[in-house]
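Read the structure below first, then the notes.
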Amino acid sequence: MKRSFNELLKASFKSEDTEEWLDVHFTRPIGLAFALVWEKLGVHPNVITIISIFLGVGAGFMFYYPDLEHNIWGVVLLMFANFCDSTDGQLARLTGKKTLIGRMLDGFSGDLWFFSIYVAIVCRLYSQPLPFFHGATWGLGILLLCCLAGFMCHSPQSSLADYYRQIHLYFLLGRNGSELDDYKSQRAIYDNMPWRGHFWAKIFFFNYANYCRSQEKRTPEFQALYKMVRRRWPNADDMPQQLRDEFRRLSLPLMKYTNLLTFNSRAIIIYVTCLANVPYVYPLLEITVFMVMYVHMHFSHEKFCKKLNSEINANYTI
Numbered sequence: 028m029k030r031s032f033n034e035l036l037k038a039s040f041k042s043e044d045t046e047e048w049l050d051v052h053f054t055r056p057i058g059l060a061f062a063l064v065w066e067k068l069g070v071h072p073n074v075i076t077i078i079s080i081f082l083g084v085g086a087g088f089m090f091y092y093p094d095l096e097h098n099i100w101g102v103v104l105l106m107f108a109n110f111c112d113s114t115d116g117q118l119a120r121l122t123g124k125k126t127l128i129g130r131m132l133d134g135f136s137g138d139l140w141f142f143s144i145y146v147a148i149v150c151r152l153y154s155q156p157l158p159f160f161h162g163a164t165w166g167l168g169i170l171l172l173c174c175l176a177g178f179m180c181h182s183p184q185s186s187l188a189d190y191y192r193q194i195h196l197y198f199l200l201g202r203n204g205s206e207l208d209d210y211k212s213q214r215a216i217y218d219n220m221p222w223r224g225h226f227w228a229k230i231f232f233f234n235y236a237n238y239c240r241s242q243e244k245r246t247p248e249f250q251a252l253y254k255m256v257r258r259r260w261p262n263a264d265d266m267p268q269q270l271r272d273e274f275r276r277l278s279l280p281l282m283k284y285t286n287l288l289t290f291n292s293r294a295i296i297i298y299v300t301c302l303a304n305v306p307y308v309y310p311l312l313e314i315t316v317f318m319v320m321y322v323h324m325h326f327s328h329e330k331f332c333k334k335l336n337s338e339i340n341a342n343y344t345i
């Protein structure tokens, strides 16, 4: 039976707890509308992902220029890159065309967008006057600032925010409602896969396993809790509802930080700062405001995981 647009849109939401208002009311509906058009045209989701890469990198190129016209084009291109990012996932679900290459491209695309934007900011400001320092220019200072913001702040913030959302979905919806993976299982896939005929798959699982390990190393209290939960309830669907509800109560206040530390907030700040010709404000916010949110989110999550682990040991028996 054919479903209506609203039914398809609602089905694309993982949970109300983890969805951003802007995505629910703006990005996802537009992405789904595009997906329905591409489906009729027989376009593969991977093609849409590749288009998003060109759009996002093109946005970075536009942000290199200080004039208003180029920056408006940068805003438009980055918005459409994000629409495509929403479209490819929805199109893959509509058509059942989910591939490993698509998964690789999807993870790679956002990194390329922001890498190109950081490079554009560096090139744009390198020879420009340094604010509040008469006669000085940014020079290598802007390169160091963007490297710090991108590699030391942006990357760990985004990966942990995504991890916490998947954890939340695991306790809320069970294993099938979450994409919560672990280093051990992903590394096993890599180790058991031959190189012949699986070159790109091997590369993907090697990198993805290390990505999972970086998340796990930063969350020792959650790892202890997760190990306990999986030992007592190997099937996530068997977890007591009381435990699910308690985890949701403790985790839900942190979901606003997981959303703030992903695409939309960063994109809006990039739009405003580039249009106002103060693009250096964006990396400064990454290493100050965004880092404060990250530290608070991380500390709070680890704290309640430790508390919950103690409660499980005290109140539940194997």
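Read the sequence shown against my numbering and you will find it ends at 345, with the numbers running on by one and no gaps.
C-beta: ideal position from N, C-alpha, C; glycine also.
Under the three-pair Cβ rule at 8 Å, the stretch 149–164 does not count as touching the stretch 129–141. Beyond the five residues adjoining it in sequence on each side, Ile75 comes within less than 7 Å, by CB distance, of Trp65, Cys111, Thr114, Asp115 and Leu118 in the same chain, given in chain order. A straight line joining the alpha-carbon of Leu199 with that of Phe88 spans about 41 Å.
Taking each of Lys254, Phe32, Gln268 and Ile78 in turn and checking the Cα distance to Pro56, the smallest one comes out for Phe32.
Per the coordinates, the alpha-carbon of Phe233 lies some 21 Å from the alpha-carbon of Asn73. In summary, Phe107 is buried, with 16 or more beta-carbon neighbours lying within 10 Å of its beta-carbon over all protein chains present. Put simply, the stretch 197–217 touches the stretch 253–269. At least three CB pairs are less than 8 Å apart. Put simply, of Met320, Arg258, Gln250 and Trp227 the residue whose alpha carbon is nearest the alpha carbon of Pro280 is Met320.
For Asp272, the number of other beta carbons within 10 angstroms of its own is below 16, and it is reported as exposed. Contact annotation, Gln193 with Ser205: C-beta distance approximately 5 Å; criterion of less than 8 Å satisfied. In this structure Pro310 is in contact with Cys173, their Cβ atoms being roughly 5 Å apart against a cut-off of 8 Å. Scanning its chain for C-beta atoms nearer than 6 Å, with the 5 sequence neighbours on each side dropped, one finds around Ala188 the residues Thr285, Leu288 and Thr289, in chain order. Under the Cβ criterion (8 Å, minimum of three pairs), the stretch 215–234 does not count as touching the stretch 245–260. One Cα belongs to Ile297, the other to Pro306, and the distance between them is close to 7 Å.
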